[in-house]
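Counting in the numbering used here, the sequence shown tops out at residue 622, every number present.
Yeah, the Cβ is synthetic: ideal placement off N, Cα and C, and Gly gets one too.
Just so we're clear, the structure is a prediction, and the values are computed from it rather than from any experiment.
Structure first, commentary second.
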Amino acid sequence: MRSLLWITSLLLIISVACAYIYHMPVNIQSTVDPAVLMPGDEAIIAIELENGAAEYGAGGESVAGTIAHSALISTPLNATKLKGTDMIDVLTEDYHNLGMIGPTDRITIYYKIRASENATRGTHLLDFEVQGGYDSITIHRTIPVKVDPAAVTLTRAEDTTMGSINLNVANPRENTVNAVTIIPSARGVRFSPEEYYIGTMDPDEVFTISFKVDPIGQTELNAPTNLSFVARFKNGETWHESEVYETRYSPPRVEPKRNNLLFAGIAVLLLIPAAYIYRRKRLKVQ
């Protein structure tokens, strides 16, 4: 009796193995954060692996809901491998023995990458491999990584208030940047605020900001002055600075204050001798 049960179990296992004809039906999707890198940036690639055996009809030789059907559409993941390029380095080691994923199950793995300082603008393709399945199949995919060196830009805006300067701050990138701060500098000038914090800027977003410009100490700004501005911001977790934007600031003309009492006093002083001379002439005529 025991021999019969053992033979039956063995035949079931053999039939399950023979019924598996689909080669590791794994769906692969990826996201990159930040979505677009700048040269020198680090980023995280999240790669999602999903068992799509049921969707593609794998294991159709067995009855749904049975042990044989469940075994057929569960997929072992033995290893993953992500290859870098000349301009994109992969910093995370490859994964091994990820285990089994059942029908519609998902598993997400993470790789850290870094764009080189000379990474060029465009989309760089990384080779990705998944090794697994009951018959040791390897699936190949490409993971796109975008690189764009464009930084936050600064331009002069129309000045609407005397003693201040306005700037347009724009994000020309395809992705959001964070912690955007505009830092001014100039000789003999005090800015208010000392730094202008904008924060998060979405793609193609523009902010108009204003700095009050005052001389340092008791001096006055009597001539045009060179002002410099730079934008500091984060793309992902990496800090960057824009190119320095320089502009010339002309201080507002200050009309000299007229002292009415002084003018009145001068007029009185001039009238006194005139009146005296006039009186002398009148006496001589008489």
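Using C-beta distances below 8 Å, list every residue in its chain close to Ile534, excluding the 5 sequence neighbours before and after it, in chain order. Here the set comprises Val505, Val516, Thr517, Ile518, Phe543, Ile545.
Please state the DSSP three-state secondary structure of Pro551. If DSSP states are grouped into helix, strand and coil, Pro551 belongs with the strands.
Alpha carbon of Val372 to alpha carbon of Glu510, nearest angstrom: A direct Cα-Cα distance of roughly 7 Å separates Val372 from Glu510.
If Leu490 and Tyr581 are in contact, beta carbons under 8 Å, what's the gap, nearest whole angstrom? 4 Å
In this structure, does DSSP put Asn571 in helix, strand or coil? Per DSSP, reduced to three states, the secondary structure at Asn571 is strand.
Excluding the 5 residues flanking Ser578 on each side, which residues of the same chain have their C-beta closer than 7 Å to its C-beta? Ala487, Val488, Thr489, Leu490, Val566, Ala567
Suppose the cutoff is 6 Å on Cβ atoms and the five residues either side in sequence are ignored; what does the same chain contact list for Phe527 look like? Excluding sequence neighbours, Phe527 sits near Pro520, Phe547.
For Thr416 versus Val466, is the C-beta distance shorter than 7 Å? yes
So, does the CB of Arg526 fall closer than 7 Å to a CB anywhere in chain C? Of the protein chains in the structure, only one exists, and it is not chain C.
Going by other Cβ atoms of all chains shown within 10 Å of its Cβ, with 16 needed for buried, is Gly572 buried or exposed? buried
Helix, strand or coil for Asp430 per DSSP? coil
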